[in-house]
Amino acid sequence: VNRSIDDTFGDSVTGQKPVFLPTTPGVWANQSCTGCAIHPPTSEAFDGTYTATTYNSTLGYISITFDFIGTAVYIFFILANNPPSRITGITAANFTLDGALVGNF
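Numbering-wise (my numbering), the sequence shown opens with residue 37 and increments by one.
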């Protein structure tokens with residue numbers, strides 16, 4: 037059985053939601069962010085929601101975790117194409133399963 041897990045609404049069957057770390061206020065923003073320089077169209081996002089962040093080295097790390105039992109996982113990103121010149125639009129991610137690095141983007 038395949039299920040899509042929304043960043044905001046979580047798993048439609050179990051209600052489980054992804055955990056965004058750190059939980060420091062202001063690190064993560066949703067599609068309603070008024071201070072964000074990039075506003076992807078919600079029509080392009082699953083369930084019309086997205087969560088965004090900008091990495092800052094003082095944070096140490098940022099991560100999203102989600103526990104599941106299964107044999108496959110697919111991750112979808114919204115990439116910022118042609119952001120304004122003052123904005124860095126680089127996306128980089130490492131993917132770990134059961135503590136082991138299994139891929140990156």
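Backbone N, C-alpha and C define an ideal beta-carbon position, used for all residues, glycine too.
_Nearest by alpha-carbon distance to L57: which of Q67, F82, T89 and S68 is it?_
Residue 57 sits at position 21 when you count from the first residue of the sequence shown. If we check each option's Cα against that of L57, T89 comes out closest.
Would a C-beta distance cut-off of 7 angstroms place F82 and D42 closer than the cut-off?
-> Numbered from 1 along the sequence shown, position 46 holds the residue referred to as residue 82. Numbered from 1 along the sequence shown, position 6 holds the residue referred to as residue 42. In contact: F82 and D42 (Cβ atoms closer than 7 angstroms).
Where does T87 sit, in a helix, a strand or coil, going by DSSP? Residue numbering aside, residue 87 sits at position 51 when the sequence shown is read from its first letter. If DSSP states are grouped into helix, strand and coil, T87 belongs with the strands.
What is the rounded straight-line gap between the Cα of A73 and the Cα of V63? The residue labelled residue 73 in the question sits at position 37 within the sequence shown. The residue labelled residue 63 in the question sits at position 27 within the sequence shown. Distance between the alpha carbons of A73 and V63: 14 angstroms.
* **Beta-carbon proximity of A136 to G125, cut-off 7 angstroms** => By one-based count along the sequence shown, residue 136 stands at place 100. By one-based count along the sequence shown, residue 125 stands at place 89. No; because the gap between Cβ atoms is not below 7 angstroms, this pair is not in contact.
message: Is it buried or exposed, Y86, if we count other Cβ atoms within 10 angstroms and call 16 or more buried?
response: As a working mapping, residue 86 is identified with position 50 in the sequence shown. Under this definition Y86 is a buried residue.
DSSP-derived helix/strand/coil call for F56: Indexing the sequence shown from 1 puts residue 56 at position 20. Note: F56 maps to strand in three-state DSSP.
task: Please go through the same chain and pick out, in chain order, the residues whose beta-carbon is closer than 8 angstroms to the beta-carbon of F45, but skip the five residues on each side of it.
output: By one-based count along the sequence shown, residue 45 stands at place 9. Cβ neighbours of F45 beyond the five flanking positions: K53, D83 and T85.
Under 7 angstroms, do T101 and V49 count as touching if we go by C-beta distance? Within the sequence shown, the letter at position 65 stands for residue 101. Within the sequence shown, the letter at position 13 stands for residue 49. No.
For N118, list the residues DSSP reports as bridge partners. Residue 118 sits at position 82 when you count from the first residue of the sequence shown. None, per the DSSP bridge assignment.
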